[in-house]
Amino acid sequence: MQRFYKFEQVFNVRDIGGYATAAGKSTRWKQMFRSAEHQRMSEIELRNFQSEVGIRTVIDFRSSGEANDSRGVGAISDAAVKRHHFPMGDADSKHKSKQTGNWNPDYVGLLENQKDKWLEALNVAADADSHPILFHCVTGKDRTGVFAVLLLGILNVPDVDILSDYELSRQGMNDLIQNLRYRGVIGENEKPNPGLGVDSSAMALAIEHIHTTYGGYREYARDCGASDKLFTRLERILLE
């Protein structure tokens with residue numbers, strides 16, 4: 370099955386199916402997709418993607434400032450049946466990282482400060498009528514990455530595979546940086562914005578925080594307000 374989906378100017382689009390769980394099952398393909406923002410997707414690309422995948426629901430984690438784009442909310446959102454916007458993050462964070470030369474993704478902060486929105490997103494994922502679902506932020510690696518960690522963790526995918534899925538964003542960001550150089554947005558010898566980095570140690574710290582502070586992914590989700598019924602629905606929809 371296909372993990373990455375390549376587009377000319379939309380990056381880090383991939384399926385989170387095919388991961389084995391501790392119980393011997395695996396995450397179902399073509400149900401949950403993660404990506405960067407997708408305003409630059411062409412009509413032909415959208416048509417081909419939807420004919421193959423058929424996204425019904427989009428979960429958008431961008432801040433209100435980021436989502437309020439003159440190009441619209443994104444081609445996939447326009448084509449989907451429903452879009453859920455759970456705004457979080459700082460619209461200026463990537464600009465600040467470019468100016469300072471430093472990037473702190475603060476995944477632990479996202480876990481602690483956005484519990485109500487993670488719960489809302491989990492409830493969308495637990496609705497069979499919402500699938501297939503695409504969830505995204507701007508680059509598809511930070512807020513999107515945290516939600517992927519929670520989802521895969523709740524489904525009992527081992528931590529090593531959860532972290533490996535996060536690290537695949539490095540390939541997506543390399544594609545983005547290459548495109549920015551080609552378009553002249555980044556000079557040939559210019560260092561990319563640190564905000565485009567993929568910080569495995571930061572995500573590993575967030576995973577450790579979930580275990581040490583809450584005792585596991587489901588315990589963290591319960592602290593957000595999730596129920597065992599929600600976990601059962603996620604398993605039924607997303608595992609095979």
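Residues 370 to 609 in our numbering are what the sequence shown spells out, letter by letter. We treat Cβ as the ideally placed atom computed from N, Cα and C, and that holds for glycine. Computed from a prediction, not measured in an experiment: that's the story for all the values here.
Name the residue from the options whose alpha carbon lies nearest to the alpha carbon of residue i.
i, options, result
"His464", "Arg397, Val507 and Arg587", "Val507"
"Pro563", "Gln419, His407 and Gly470", "Gly470"
"His407", "Ala494, Asn492, Met542 and Ser446", "Ser446"
"Leu318", "Val518, Val493 and Gln547", "This structure does not reach residue 318, given that the chain is present from 370 up to 609, and the question cannot be answered."
"Asp511", "Gly541, Leu524 and Ala495", "Gly541"
"Glu604", "Tyr374, Ala389, Val382 and Ile576", "Ala389"
"Leu524", "Phe430, Glu588 and Thr426", "Glu588"
"Gly387", "Phe376, Arg372 and Asn381", "Arg372"
"Arg425", "Leu521, Ala573 and Ala448", "Ala448"
"Val422", "Tyr374, Asp544, Ile576 and Ala595", "Tyr374"
"Phe418", "Phe376, Ala490, Gly478 and Gly594", "Phe376"
"Ser395", "Asn381, Met370, Gly594 and Ala595", "Met370"
"Ser569", "Val529, Glu489 and Gly393", "Val529"
"Ala649", "Gly478, Glu577 and Phe430", "An answer regarding residue 649 cannot be provided, because it is not within the stretch 370 to 609 covered by the chain."
"Asn381", "Gly553, Asp544, Gly393 and Gly478", "Asp544"
Under 6 Å Cβ to Cβ from residue i, same chain only, skipping five residues before and after it: list those, please.
i, result
"Ile606", "Ala497"
"His500", "Gln400"
"Ala571", "Pro474 and Tyr476"
"Lys598", "none"
"Ala349", "For residue 349 there is no data in the structure shown, the boundaries of the chain being 370 and 609."
"Ala444", "His407, Met410 and Leu415"
"Val526", "Tyr388 and Thr390"
"Glu489", "Phe455"
Sorted by chain position, which residues of the same chain lie with C-beta nearer than 7 Å to residue i's C-beta, five sequence neighbours on each side aside?
i, result
"Arg409", "Gln378 and Val379"
"Arg403", "Arg383, Ile385, Phe504, His505, Gly509, Thr513 and Ala517"
"Lys467", "Asn562 and Gly564"
"Arg602", "Ala495"
"Trp472", "Ser466, Pro563, Gly564 and Gly566"
"Ile413", "none"
"Ala392", "Asn525"
Kindly say whether residue i, judged by its beta-carbon, lies nearer than 9 Å to any beta-carbon of chain C.
i, result
"Val493", "You won't find chain C in this structure, because it holds only one protein chain."
If residue i and residue j are in contact, beta carbons under 8 Å, what's the gap, nearest whole angstrom?
i, j, result
"Arg397", "Leu549", "The Cβ separation is near 34 Å, so there is no contact."
"Val355", "Ile428", "The structure shown does not extend to residue 355, since the chain is modelled only from 370 through 609, so no value can be given for it."
"Ala590", "Leu521", "Contact flag wrong, Cβ pair sits at about 12 Å."
"Val515", "Ala575", "7 Å"
Return the chain-ordered list of same chain residues with a C-beta closer than 8 Å to the C-beta of residue i, the five sequence neighbours on each side being excluded.
i, result
"Ile546", "Ile555, Pro561 and Leu565"
"Asp592", "Lys484 and Tyr583"
"Val567", "Lys510, Tyr535, Glu536, Ser538, Arg539 and Met542"
"Ser420", "none"
"Ala573", "Leu532"
"Glu557", "Arg550"
"Lys451", "Arg425, Thr426, Val427 and Ser499"
"Phe600", "Ile523, Arg587 and Ala590"
"Ile502", "Gln400, Met401, Phe402, Ile424, Arg425, Thr426, Val427, Ile428, Val493 and Ala494"
The segment 431-449 in contact with the segment 516-534 per 3-pair CB rule at 8 Å
no
Would you check if the segment 484-498 and the segment 452-467 touch, i.e. whether three or more CB-CB distances between them fall below 8 Å?
yes
Quick one: which unbroken beta strand (DSSP E) runs of 3-plus residues sit fully inside the segment 473-549? Chain order, please.
502-505
Let me know the beta strand (DSSP E) ranges lying completely inside the segment 380-433, each 3 residues or longer, listed in chain order.
382-384, 401-404 and 426-429
In the segment 553-588, which residue ranges form an unbroken alpha helix (DSSP H) of at least 4 residues, counting only runs that do not cross its ends?
569-578
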